[in-house]
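See structure below.
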């Protein structure tokens with residue numbers, strides 16, 4: 001039986017001056033998305049080039065992962081650094097432990113905000129399946 005794993009993670013920038021906490025069901029995919037968004041001003045992680053992994057933990061249930069993410073987000077920087085130090089005392093970048101190769105290969109798409117301009121205004125404009 002397939003069991004999905006959810007991750008709470010903490011990322012930083014190259015100088016380790018920014019901490020970002022997130023939750024995902026695919027840690028490699030999500031870090032790659034953060035990496036691809038580097039330099040994009042509309043995204044917090046993009047604006048500050050936050051894609052270096054410092055910490056992650058696994059959860060069996062999404063509701064537990066979200067609750068933990070919110071708990072950590074409520075902490076001050078010092079408390080977050082103490083948590084990170086429990087598994088990563090030297091604040092090393094863990095990207096190479098999660099990926100076979102870093103930086104990752106670019107995905108075939110670049111993450112961006114969805115555009116709704118080209119969506120049909122009503123169902124009559126959607127092609128019908130034949131068959």
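In the working numbering, the protein residues as written are 1 to 131. Idealized CB from N, CA, C, for every residue including glycine. Computed from a prediction, not measured in an experiment: that's the story for all the values here.
At which residues does the alpha helix (DSSP H) containing residue 61 begin and terminate?
-> It is not in any alpha helix (DSSP H) - residue 61 carries neither H nor E in the DSSP assignment.
From the DSSP output, read off the bridge partner residues of residue 6.
-> The partner list for residue 6 (beta bridge, DSSP) reads 59.
Rounded C-alpha distance that separates residue 66 from residue 16 | Straight-line measurement puts the Cα of residue 16 at about 24 Å from the Cα of residue 66.
Tell me, please, which residues DSSP counts as bridged to residue 22.
-> DSSP lists 9 as the bridge partner or partners of residue 22.
What span of residues does the alpha helix (DSSP H) with residue 44 cover, start to end?
-> 44-47
Cα-Cα, which of 13, 57, 34 is closest to residue 83?
-> Nearest C-alpha to residue 83: 57.
Can the beta-carbon of residue 11 be found closer than 9 Å to that of residue 75?
-> no
Tell me where the alpha helix (DSSP H) around residue 32 begins and ends.
-> For residue 32, the enclosing alpha helix (DSSP H) starts and ends at 27-36.
Starting from the Cα of residue 20, find the closest Cα among 104, 105, 8, 29 and give me that residue.
-> 8
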